[in-house]
Structure formats: C-alpha cells, structure tokens
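Going down the list, the protein sequences come from chains S and V. Residue numbers for the first sequence follow this note's numbering, so the first one is 6 and each next one is one higher. Residue numbers for the second sequence follow this note's numbering, so the first one is 6 and each next one is one higher.
There are 2 protein chains.
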Amino acid sequence: MTAPTRDQILDAAARVFAEHGFRGSTTRLIADAADVNEVTLFRIFGSKDALLGEAIRTRVYERDILQLPDTPGDARAELTTWATAEYQHLLTHRRSIRQGMSELVERPELCRCMAQGPRGGYTRLRVYLTRLVEMGRASKDASPLNAAAMLLGALFADAMGRDMMPDALPPAKQVPAVYVNLTLDAIGYVAKPAAARRKAAGTRVKRGA
Amino acid sequence: MTAPTRDQILDAAARVFAEHGFRGSTTRLIADAADVNEVTLFRIFGSKDALLGEAIRTRVYERDILQLPDTPGDARAELTTWATAEYQHLLTHRRSIRQGMSELVERPELCRCMAQGPRGGYTRLRVYLTRLVEMGRASKDASPLNAAAMLLGALFADAMGRDMMPDALPPAKQVPAVYVNLTLDAIGYVAKPAAARRKAAGTRVKRGA
DNA sequence: CATGAAAGCAAGCAATTACTTGCAACCAAC
DNA sequence: GTTGGTTGCAAGTAATTGCTTGCTTTCATG
C-alpha cells in the first residue's frame, strides 16, 4: 500500500463529501475522483463508512487553532488576524461543515471531532477577552464568555450562510474585522486601561462599525 | 383526496426529513410516519422530490417574521422579544435547517425559500437599528447593517451548533437577551438621545453582558 | 529474470429504493 | 342499494449501491 494512493483517496473522498454528503458519496464517485479502481477503496479502508469517517476527520475537522497572545497588545489587530484565520477555515470548508452538521442526528459519533475546532477557538478567545477585562481594558460588566460565543457564532453563520444570500452580508474580506470590532465595542474595549484613558480620550471615535 | 391526509403526509415528511435528510427520507419511512400506504404518496404528490420540496417549504421555511415597532421604545426589551421569537424558530427547526443547508450544492433551487426568513428578519432588524441611530440613541459611527448581521448570525449559529456543544454556549433561555444586549452595546445604544443623556448617566452600568 | 505486493478489470451478488399496476376495500353521498 | 372517490394491499420493475471474487497487470526490489 502506498501513502500517495491512500492520501489521494482521502482527499478525493473529502471533496466528494463536500458536495454530496454521506449517502451521496458513492464509492464509485469517490473512486473516480481519486482516479483509482473502486475495489481499492475497500482493500485500503474496509468500508465506505470508515473511509468517509477518516476523510472528513483528517481533511476538515482536525486542525490547529491559531494562538492568541497571553498578554493582549493591540486587541483589534490581534483578534482580527486571529478571526481571519478562523473565518478562512470556515469559508474554505463550508460545504463539508454543512454536510457534517446535517449528519448530527444519524451519526452522533461525529459530534466530538466536529466540536473540537470550535471548542478550542472558543476557549482561546474567552481567555484572551478575560485578560482584557482583568487588565482594565474592557468593562468589568462584560462577559468574555458571551462575547466569545457571539463573535465565533457570527463568523460561523456568515461562512455557512453566505452562499444563500451573498448580498445581504458584509463583504467577505471585511467580515473578520467587522465582527471583531463590534465585539470589542460590545465589551467596552479601550486600547489602554482606565488609569491611562484620560490621555487618549479620542480613541473610540476613530473606528467605525 | 382529503385535506387531512395531505397535511398528515406533509407533516410526516417534514419530520422524517429533519432526521434523515433528502436521500434518507425514503418513501417507505414517510408513508409509515404518516400512517398511510406508500402508493398514496405518489397519488397525491407525484414524486418524492415534489413531496419533500413542498413539505420543507411549507413546514420549515415559510413563516411570518415578527414585526418590530416603527418607532423604537425600549430597544432592549423590544429586540429581546423579537430575537426570542426568531431564536425559537431556529431552535425548533434546527434539524431541518441543517439538512436544508447541506443540500445547497445539489439543490440550489432551495436557496430562495431558505433565504426568505433570514432576509426578512435582517431587513426588519436593520431598519430598526437605523432608526435608533437616527434618533440619536446609538452611535453615529455604528453600522446597523453589520450589527444586524452579527446578531442574527449569533442566534443562528447558537441554534445550529448547540447540539454539538451544549455546555460551551450561554444557557438557551438567556441567549436572545445576551446577544441583543451585546449588539446594542456594540452600537453604543442608550435609552435616551444624547440631549437627554446627562440626566440618566447611570443607565449603562446597570446592565451586564 | 523471478518474486511479491499493490492495484486494475470485469462480473456479479444481495439489498435497497422510487415508482407502477391491478385489484380490493372502505366510505360518504344520493 | 348504487355509485364514485379515495385509499389499501400485494406484487413487481428497473435502477442503484456497497461490496466481493477471481484473474490479470503493473511495479519495485533483490
């Protein structure tokens, strides 16, 4: 068994899955897309389920989440960079993600690997926003937990729904910055802590949302 | 042909679709769920496609969007009520909506009816938030368009993703208020216009997000 | 060249699925 | 009771699908 063929099949399976979903990804379709003989799929992976399971796990859901700094600097810039990577992944894989979401009832075992990315992102973001509050750079009343959920939710919804109504949403290139800025405004973000705020009084009027 | 049987079948089809999606909704499954003979489905609807198409259109996607007042009063209360209705619909139909989303590539004709609800909600919310800005009750820098997108996005993502990670999101009962309040904070909402703001200086510290 | 592993090819199986057909049963209305 | 409309029942068709099997071909290695 050669690694190129195995990867080739996994890549092809993920592509077919994105368009056709679980049932619609016939072994014939996958074999054609991978440019191999159908029987090869069974020789290597044993069953269609095993093949597709591994394909979407390794090609869609398993990934590294970008790090956020332990000590926040320019939060608007840092979070926008971070959100851009997150959003890019969601946008790139939106078809597969939509297919995976539709399988939640019939294949609950998919739940864990599907939730891995969102959980990781959520945790990092929440920690970062909590630090902002602790540093006196966001309102003490703010809930980093809720704000993190809202930002990630908005990014997710945008990526999943954009194909449905592209004209009704902010331009894709602007999306990360738009939602990051709204989120930071929502938690009363300021570039400097309260003690230093009097000297930088105009900071908030310079950024529009 | 009797109307009860027709409706019975449509209801059953929608239920089966929510769990099994398009392909997985076999005519046998639907007939069993509707407690009718399989041939009846074809007598009444002609094909499985036509049946499912009508079922999800009429049982999931076609709906009335709650109105928002032309002149905003207590925006936190009004938007929370409104968002609660919106969220409830999304939560109730989340399985069907997820299935529908997964079909976007293979059945692009679904796009329009799927987008109808979100578009309507988006428009109403945007108009309402624009009025807030015009009344001097939100920041002139705010973009009602972006804020509307974020609020609706967050509600959507929450409803669609809750099954995947129920513990990582705000409690469902609190969701509408949480995201409405964050959104209003993001656009610099105040209960009264700028001219009257000095007399109600404590308004913002009373509500936590 | 010989060998073994990997993959291709062709045929086929059993199960499933949307759908059809002919007859029978049921029910409401006259 | 008769009639017409609606639905059920049973059997079946053609197509599709995951998967298997036996033989052949290809390729890398010694």
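Every residue gets a Cβ at the ideal spot worked out from N, C-alpha and C, and that includes glycine.
Let me check understanding here. Comparing Cα to Cα, which of the options lies closest to residue i?
i: residue 146(V); options: 20(V), 192(V) and 89(V); result: 192(V)
i: residue 166(V); options: 61(V), 102(V) and 137(V); result: 102(V)
i: residue 91(V); options: 189(V), 15(V), 182(V) and 36(V); result: 182(V)
i: residue 69(S); options: 124(S), 40(S), 57(S) and 158(S); result: 124(S)
i: residue 174(V); options: 126(S), 169(S) and 163(S); result: 126(S)
i: residue 157(S); options: 171(S), 176(S), 142(S) and 185(S); result: 185(S)
i: residue 195(V); options: 171(V), 151(V), 136(V) and 169(V); result: 136(V)
i: residue 187(V); options: 172(S), 161(S) and 144(S); result: 144(S)
i: residue 10(V); options: 30(V), 56(V) and 29(V); result: 56(V)
i: residue 35(V); options: 172(V), 14(V) and 50(V); result: 14(V)
i: residue 107(V); options: 26(V), 64(V), 122(V) and 162(V); result: 26(V)
i: residue 133(V); options: 117(V), 87(V), 114(V) and 93(V); result: 87(V)
i: residue 114(S); options: 62(S), 141(S) and 46(S); result: 62(S)
i: residue 170(S); options: 122(V), 59(V), 73(V) and 85(V); result: 122(V)
i: residue 130(S); options: 32(S), 162(S), 77(S) and 17(S); result: 77(S)
i: residue 40(V); options: 105(V), 59(V), 16(V) and 24(V); result: 16(V)
i: residue 168(V); options: 22(V), 52(V) and 100(V); result: 100(V)
i: residue 73(S); options: 65(S), 64(S) and 83(S); result: 83(S)
i: residue 217(V); options: 80(V), 95(V), 75(V) and 161(V); result: A question about residue 217(V) goes unanswered here, because the residues of chain V that appear run from 6 up to 214.
i: residue 109(V); options: 111(S), 46(S), 109(S) and 104(S); result: 104(S)
i: residue 141(V); options: 58(V), 51(V) and 198(V); result: 198(V)
i: residue 116(V); options: 155(V), 58(V), 46(V) and 38(V); result: 58(V)
i: residue 120(S); options: 163(V), 28(V), 189(V) and 31(V); result: 163(V)
i: residue 65(S); options: 178(S), 23(S) and 160(S); result: 23(S)
i: residue 1(S); options: 28(S), 50(S) and 180(S); result: Within the shown structure, residues of chain S are numbered from 6 to 214, placing residue 1(S) beyond reach of any answer.
i: residue 30(S); options: 161(V), 47(V), 53(V) and 111(V); result: 111(V)
i: residue 151(V); options: 28(V), 172(V), 177(V) and 189(V); result: 189(V)
i: residue 80(S); options: 178(S), 54(S) and 138(S); result: 138(S)
i: residue 128(S); options: 153(S), 148(S) and 118(S); result: 153(S)
i: residue 89(V); options: 159(V), 44(V) and 37(V); result: 159(V)
i: residue 19(V); options: 45(V), 44(V) and 97(V); result: 97(V)
i: residue 49(S); options: 155(S), 37(S), 12(S) and 172(S); result: 12(S)
Along the chain, where does the alpha helix (DSSP H) containing residue i start, and where does it finish?
i: residue 147(S); result: Run containing residue 147(S): none; DSSP gives neither H nor E here.
i: residue 190(V); result: 180-191
i: residue 37(V); result: 32-39
i: residue 123(V); result: 115-139
i: residue 58(S); result: 53-61
i: residue 43(S); result: 43-50
- prompt: What residue ranges within the region 79-111 of chain S form continuous alpha helix (DSSP H) runs of no fewer than 4 residues, ordered along the chain?
  reply: List check, alpha helix (DSSP H) in window: 80-97 and 99-107.
Residues of the region 153-169 of chain V whose Cβ lies closer than 9 Å to any Cβ of chain S, in chain order: Taking 9 Å as the Cβ-Cβ cut-off against chain S, the residues of the region 153-169 of chain V that qualify are 154, 155, 156, 157, 158, 159, 160, 161, 162, 163, 165, 166, 168 and 169.
message: Counting only Cβ-Cβ distances shorter than 9 Å, please list the residues of the region 18-40 of chain S near chain V, keeping chain order.
response: In summary, the residues of the region 18-40 of chain S whose CB is separated from some CB of chain V by less than 9 Å are 23, 24, 25, 26, 27, 28 and 29, in the order they occur in the chain.
- request: Output, in sequence order along the chain, the residues in the region 100-116 of chain S whose CB is closer than 7 Å to any CB in chain V.
  value: Along the region 100-116 of chain S, the positions whose C-beta sits under 7 Å from a C-beta of chain V are 100, 103, 104, 106, 107, 109, 110, 111 and 116, read in chain order.
- prompt: For the region 175-193 of chain S, which residues have a CB atom closer than 8 Å to at least one CB atom of chain V, in sequence order?
  reply: Listed in sequence order: 175, 183, 184, 187, 188, 190, 191, 192 and 193.
- prompt: Any residues in the region 116-130 of chain V with a beta carbon nearer than 7 Å to a beta carbon of chain S? Which ones, in chain order?
  reply: Contact annotation: in the region 116-130 of chain V, residues whose CB is within less than 7 Å of a CB in chain S are 116, 119, 120, 123, 124 and 127.
query: What residues from the region 58-92 of chain S come within 8 Å of chain V, judged by C-beta to C-beta, listed N to C?
result: Within the region 58-92 of chain S, no residue has a Cβ lying closer than 8 Å to any Cβ of chain V.
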